[in-house]
Amino acid sequence: MGWKGRDIISIREFSRKDIDEVLKRSSKMDKKHNKSLVGKKLSAIFFEPSTRTRLSFETAMHNLGGEVIGFNESKGTSVEKGESLVDTVKIVERYSDCIVMRNPLEGSARLAAETSSIPVINAGDGSNQHPTQTFLDLYCIKKNFGKIEGLKIGLVGDLKYGRTAHSLALGLSHYVDSLRLISPQNLSMPPHISKEISSRTKLDERTDLKLEGLDVVYMTRIQKERFPDVEEYEKTKGVYVLTKERAAKINGIVMHPLPRVDEISPEVDSLKQAKYFEQAACGIPVRMAILEMVMKG
Amino acid sequence: MGWKGRDIISIREFSRKDIDEVLKRSSKMDKKHNKSLVGKKLSAIFFEPSTRTRLSFETAMHNLGGEVIGFNESKGTSVEKGESLVDTVKIVERYSDCIVMRNPLEGSARLAAETSSIPVINAGDGSNQHPTQTFLDLYCIKKNFGKIEGLKIGLVGDLKYGRTAHSLALGLSHYVDSLRLISPQNLSMPPHISKEISSRTKLDERTDLKLEGLDVVYMTRIQKERFPDVEEYEKTKGVYVLTKERAAKINGIVMHPLPRVDEISPEVDSLKQAKYFEQAACGIPVRMAILEMVMKG
Amino acid sequence: MGWKGRDIISIREFSRKDIDEVLKRSSKMDKKHNKSLVGKKLSAIFFEPSTRTRLSFETAMHNLGGEVIGFNESKGTSVEKGESLVDTVKIVERYSDCIVMRNPLEGSARLAAETSSIPVINAGDGSNQHPTQTFLDLYCIKKNFGKIEGLKIGLVGDLKYGRTAHSLALGLSHYVDSLRLISPQNLSMPPHISKEISSRTKLDERTDLKLEGLDVVYMTRIQKERFPDVEEYEKTKGVYVLTKERAAKINGIVMHPLPRVDEISPEVDSLKQAKYFEQAACGIPVRMAILEMVMKG
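Residue numbers (my numbering), protein chains in the order written: chain A, 1 to 297; chain B, 1001 to 1297; chain C, 2001 to 2297.
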């Protein structure tokens, strides 16, 4: 399948070979790039606000010489006047060369892609998918270790509701033999995803924060709202916080999709293990690569 | 009257010759354009949010090499701190070369134009005027038929409150011999506008959805709030909905300023008659033409 | 101290020599500039909305060929999800070459600067500092008189809470022998600032609107909320309003940081004394100078 015109909706649609290609192109972008998208326009339509994702797509587009139009919340758009997503897409596709969309509804990105004649990049459709986050997570790992194969990787936190963890687990399953999944009992990886992953990778699911032997500790946010009562939340939270003491013992690196709240102490930032800000920076070359691939091939 | 420095406030200020010139320039823009506005800045000051209009002005400006600054709601502007429109205009005119403004108050665009030393383009002042919408409507008609003269055109829906319909009727009156106006009894064209138009064009005002013989069916939104009671609204709405069945019988094209809500069934989109998305796309060349005309002549 | 990489947090950090250099560079920018910041990116992170400051920074950056990313309110940013300012800064510093920030919390700009490896420009941290406003105020004075030394300058209005008045008084104290401070009793300059200024400049503090002999009358807004009761406010307001009659007698110029509400009558705008819109325009060359200085040296 060619890349030009391709929609980027779910990590599920990408083979190991596809992912390798994105990572290779991202690495090239990191080293050198030219103004390959001069005259091209990106519509950034964010029905739900975002800082990191939107700003890094804008930066990526500017780096390649292209321009960005769009909005950052559905308030004040025609959607508020009752316009359907399909109609909005049918209009902005006539103004631009690519659409990047965030929308609170699961499946909205797929719908937009089916409607649109220009490529659609899913920047998050509710709790469903956010594939460019997974590409940048994988790229950050590869950048640090030179490879992904054979690494020992653990995902920590809310593995039930966290779309980032789902997609990353799916992506990693193409590369690693085993995956450690660490979460509170009530926030473990949903069976339909575990099942999909376990066809390719052995899963080590546990509730204790065992970080020994891991090359990558991938932390995620645990949200209060996910717990039946506050006490339960407070108890669990403490167990899953990465303190400086805990982090210092890790032999590998610490990642986090950000924003973090309490789950990584600020003191960890100064440790050599802390790679989450560098990870955020990986969003630029990865999104540059993807934008160029879908608009230029 | 020269174009350079000219304000674009109301369709009423444009003679047939003026409109012809805008349409001709728009057509040229559609075929080929250069970066004629490099170094120029457009202030897009939208005191009321907008998607389509703002994005198409931004796209138009970018296409010509110019830049855009501005805001998309009065929240968070100095206006919230009590600043007058006149003061806001006096500041942004010092930052840029042209102002495009949307403001909920009727007459605000005229006030801004009187204050400003740089050209002001009215992108909607309440229920009053939105002249670039009319130019793009006329351009879409001309693009489809090669002419406007002699066409049979019907405006359908809320002709009382809809500023789009008022302006388009005024614009069309320079070109056509007759105009069909189809609306519920309580939403018919206001007498002061009918009178103005009927000096140039014969009006056929009716309440039944008679579409036969029309080259252009111009649909508009009927808003619930306009009706004394919900029952009345529901009854009327049904009568004026353009279903696939009704649309398929039309010999001409269907237009709509968008956003639409219920008044055109989504099934109509796939018919050859449906031209409303193409119409939205006409906003780009038309706004490019106008921006170049008022900033460069 | 070199300029490249320097943070611009408080006017207190700038010596007379520093300020002179900014004014000289601003004057050069006013005459001629080139695209010295092509390929550079400015992150404009406004946790509190702004029109004038944000638009003039954007314009300044565009004039020099650079690009701007950012947001204009904390709503819809990761901050709403509980992200700390430090984390936000650590991310955007990886996307760009300079940060300009407005934040309601005093001291936030300093914190951001300590965190960031790229220069941070304070565009207002609560009631604390807004140094580029002071630079543009000083530049406007210099542009009008060819010098600042020896001028008779009066600051009028709310001198207690107005950060603009505090910073300007500090800046002026490097240049003038005396300064007239005119305010209601309950809104006089805080002692810690008077003391700091009076080490360099004689202060003439008064409550009556004595404008005779002034080269510059610098008006500021008096906010209703600052008064114990409405009656007191109404009484005071009347005394401090610059009417056309009062303004016409001034031998010098009238300035105001804008937005104004009632404190200068609109009739004053047409007088030759009125320089406040010209003052706002000074924001462009001054911000161009500062952006170039901190990014290029």
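Note that CB positions come from ideal geometry on N, CA and C, so glycine has one too.
Just to confirm, are I99 (chain A) and I69 (chain A) a CB contact at a threshold of 8 Å? Counting from one through the first sequence, the residue named residue 99 (chain A) turns up at place 99. Counting from one through the first sequence, the residue named residue 69 (chain A) turns up at place 69. Going by C-beta atoms, I99 (chain A) is not nearer than 8 Å to I69 (chain A).
Going by Cα to Cα distance, which pick from A:I148, A:E234 and A:L159 is closest to D177 (chain A)? Here the question's residue 177 (chain A) lines up with position 177 in the first sequence. The residue with the shortest Cα to Cα distance from D177 (chain A) is A:I148.
For R221 (chain A), tell me which candidate among A:G66, A:D262, A:S10 and A:R200 has the shortest Cα-Cα distance. Working through the first sequence from its first residue, we reach residue 221 (chain A) at position 221. Nearest to R221 (chain A) by C-alpha distance, out of A:G66, A:D262, A:S10 and A:R200, is A:D262.
Measuring only the C-alpha atoms, how far is G283 (chain A) from K41 (chain A)? Along the first sequence, read from residue 1 onward, the residue named residue 283 (chain A) stands at position 283. Along the first sequence, read from residue 1 onward, the residue named residue 41 (chain A) stands at position 41. Rounded to the nearest angstrom, the two C-alpha atoms are 19 Å apart.
Report yes or no: is there a C-beta of chain C within less than 8 Å of the C-beta of F277 (chain A)? As a working note, residue 277 (chain A) is residue 277 in the first sequence. Judged by the 8 Å Cβ criterion, F277 (chain A) is in contact with chain C.
Please state if the CB of L2214 (chain C) and the CB of S2183 (chain C) are separated by a distance shorter than 8 Å. The sequence position of residue 2183 (chain C) within the third sequence is 183, counting from 1. The sequence position of residue 2214 (chain C) within the third sequence is 214, counting from 1. Against a cut-off of 8 Å, the Cβ pair of L2214 (chain C) and S2183 (chain C) comes out as no contact.
Is there a Cβ of chain C sitting closer than 8 Å to that of I1121 (chain B), yes or no? Locating residue 1121 (chain B) in the second sequence gives position 121, where the first residue counts as 1. By this cut-off, I1121 (chain B) is not an interface position.
Who are the neighbours of K41 (chain A) on chain B, taking C-beta pairs under 8 Å? Sequence index remark: in the first sequence, residue 41 (chain A) carries index 41 (1-based). Simply T1059 and H1062.
Where does D1007 (chain B) sit, in a helix, a strand or coil, going by DSSP? In the second sequence, counting from the first residue as 1, residue 1007 (chain B) sits at position 7. In the structure shown, D1007 (chain B) adopts coil according to DSSP, grouped into three states.
P104 (chain A) touches chain C at which residues, Cβ-Cβ below 9 Å? As a first step, residue 104 (chain A) must be located in the first sequence, where it is residue number 104. When 9 Å is used as the limit between beta carbons, P104 (chain A) is near no residue of chain C, the shortest such separation being about 13 Å.
Determine whether the beta carbon atoms of L209 (chain A) and V156 (chain A) lie at a separation below 8 Å. To locate residue 209 (chain A), count along the first sequence from 1; it is residue 209. To locate residue 156 (chain A), count along the first sequence from 1; it is residue 156. Yes, the pair counts as a contact, with Cβ atoms nearer than the cut-off.
Here's the rule I'm using: 16 or more other beta-carbon atoms within 10 Å means buried, otherwise exposed. How should S2323 (chain C) be labelled? Only positions 2001 to 2297 of chain C appear in the structure, and residue 2323 (chain C) is not among them; the question remains open.
Express the C-alpha separation of L1291 (chain B) and F1145 (chain B) in angstroms, rounding to a whole number. Locating residue 1145 (chain B) in the second sequence gives position 145, counting from the first residue. Locating residue 1291 (chain B) in the second sequence gives position 291, counting from the first residue. Cα to Cα, F1145 (chain B) sits roughly 25 Å from L1291 (chain B).
Between L2055 (chain C) and chain B, is there a C-beta pair that is closer than 8 Å? Counting from 1 along the third sequence, the entry for residue 2055 (chain C) is found at position 55. Answer yes: the Cβ-Cβ gap between L2055 (chain C) and chain B drops below 8 Å somewhere.
Give me the DSSP bridge partner(s) of E1067 (chain B). Working through the second sequence from its first residue, we reach residue 1067 (chain B) at position 67. E1067 (chain B) is bridged to B:K1041.
Chain A contact for E2114 (chain C) (CB, 8 Å cutoff): Locating residue 2114 (chain C) in the third sequence gives position 114, where the first residue counts as 1. No, E2114 (chain C) lies away from the interface with chain A (no Cβ there is under 8 Å from its Cβ).
Coil, strand or helix - R2260 (chain C) by DSSP: Translated into the one-based positions of the third sequence, residue 2260 (chain C) becomes position 260. It is coil, neither helix nor strand.
Is there contact between the segment 2092-2111 of chain C and the segment 52-59 of chain A, where contact requires at least three CB pairs shorter than 8 Å? yes
When you compare each of A:S56, A:S27 and A:G65 to V38 (chain A) by their alpha carbons, which one comes out closest? To locate residue 38 (chain A), count along the first sequence from 1; it is residue 38. Nearest C-alpha to V38 (chain A): A:G65.
Can you tell me which residues form a DSSP beta bridge with E2205 (chain C)? Sequence index remark: in the third sequence, residue 2205 (chain C) carries index 205 (1-based). Residue pairing by DSSP puts E2205 (chain C) in a beta bridge opposite C:L2181.
What residues are listed by DSSP as bridge partners for C98 (chain A)? Here residue 98 (chain A) corresponds to residue number 98 of the first sequence, with the count starting at 1. A:L42.
Using a threshold of 8 Å, state whether the C-beta atoms of L2179 (chain C) and A2169 (chain C) are closer than that. Along the third sequence, read from residue 1 onward, the residue named residue 2179 (chain C) stands at position 179. Along the third sequence, read from residue 1 onward, the residue named residue 2169 (chain C) stands at position 169. It is a contact, given that the beta carbons lie within the stated cut-off.
Could you check what DSSP says for D2030 (chain C) in three-state terms: helix, strand or coil? If you number the third sequence from 1, residue 2030 (chain C) lands on position 30. Correct three-state label for D2030 (chain C): helix.
For I45 (chain A) versus T88 (chain A), is the C-beta distance shorter than 8 Å? One-based indexing of the first sequence puts residue 45 (chain A) at position 45. One-based indexing of the first sequence puts residue 88 (chain A) at position 88. Yes. Within cutoff.
Spatial distance of V230 (chain A) from K224 (chain A) (CA atoms): To locate residue 230 (chain A), count along the first sequence from 1; it is residue 230. To locate residue 224 (chain A), count along the first sequence from 1; it is residue 224. Cα to Cα, the separation comes out at about 7 Å.
Give a yes or no on whether the C-beta atoms belonging to I2193 (chain C) and V2217 (chain C) are separated by under 8 Å. On the third sequence, residue 2193 (chain C) is found 193 positions in, with the first residue counted as 1. On the third sequence, residue 2217 (chain C) is found 217 positions in, with the first residue counted as 1. No. Outside cutoff.
On the DSSP letters alone, give me the boundaries of the alpha helix (DSSP H) that M295 (chain A) sits inside. Within the first sequence, numbered from 1, the residue matching residue 295 (chain A) stands at position 295. G283 to K296 is the span of the alpha helix (DSSP H), which, as asked, contains M295 (chain A).
Please name the residue, chosen from A:K17, A:N34 and A:S10, that lies closest to K296 (chain A) on a Cα-to-Cα basis. On the first sequence, position 296 is the one that residue 296 (chain A) refers to. Selected option, being the one with the closest Cα: A:N34.
Which partner residues of I2121 (chain C) appear in the DSSP bridge assignment? Counting from one through the third sequence, the residue named residue 2121 (chain C) turns up at place 121. According to DSSP, I2121 (chain C) bridges with C:I2008 and C:V2100.
For R1012 (chain B), I'd like the list of residues in its chain whose CB is within less than 7 Å of its CB, leaving aside the five on either flank, ordered along the chain. Translated into positions along the second sequence, residue 1012 (chain B) becomes position 12. Closer than 7 Å at the Cβ level, and outside the excluded window around R1012 (chain B), lie L1170.
Give a yes or no on whether 8 Å exceeds the smallest Cβ distance from E48 (chain A) to chain B. Here residue 48 (chain A) refers to the residue found at position 48 of the first sequence. No, its Cβ sits nowhere closer than 8 Å to a Cβ of chain B.
Over what stretch of residues does the beta strand (DSSP E) that includes V156 (chain A) continue unbroken? Your numbering for residue 156 (chain A) matches position 156 in the first sequence. I153 to V156 is the extent of the beta strand (DSSP E) around V156 (chain A).
Exposed or buried, V1239 (chain B), counting other C-beta atoms within 10 Å across all chains shown (16 or more means buried)? Here residue 1239 (chain B) refers to the residue found at position 239 of the second sequence. Classification of V1239 (chain B): exposed, given that the 10 Å Cβ count is below 16.
Nearest neighbour of R1110 (chain B), chosen from B:H1174, B:V1286 and B:Q1129 [CA to CA]: Taking the second sequence and counting its residues from 1, the one referred to as residue 1110 (chain B) is at position 110. Here the closest residue by C-alpha is B:Q1129.
For G1162 (chain B), collect the residues of the same chain with a Cβ closer than 6 Å to its Cβ; drop the 5 residues on either side in sequence, then sort them by chain order. Sequence index remark: in the second sequence, residue 1162 (chain B) carries index 162 (1-based). Closer than 6 Å at the Cβ level, and outside the excluded window around G1162 (chain B), lie T1220.
Using a C-beta cutoff of 8 Å, does L168 (chain A) count as contacting chain C? The count along the first sequence starts at 1 and reaches residue 168 (chain A) at position 168. Cβ-Cβ to chain C under 8 Å: no for L168 (chain A).
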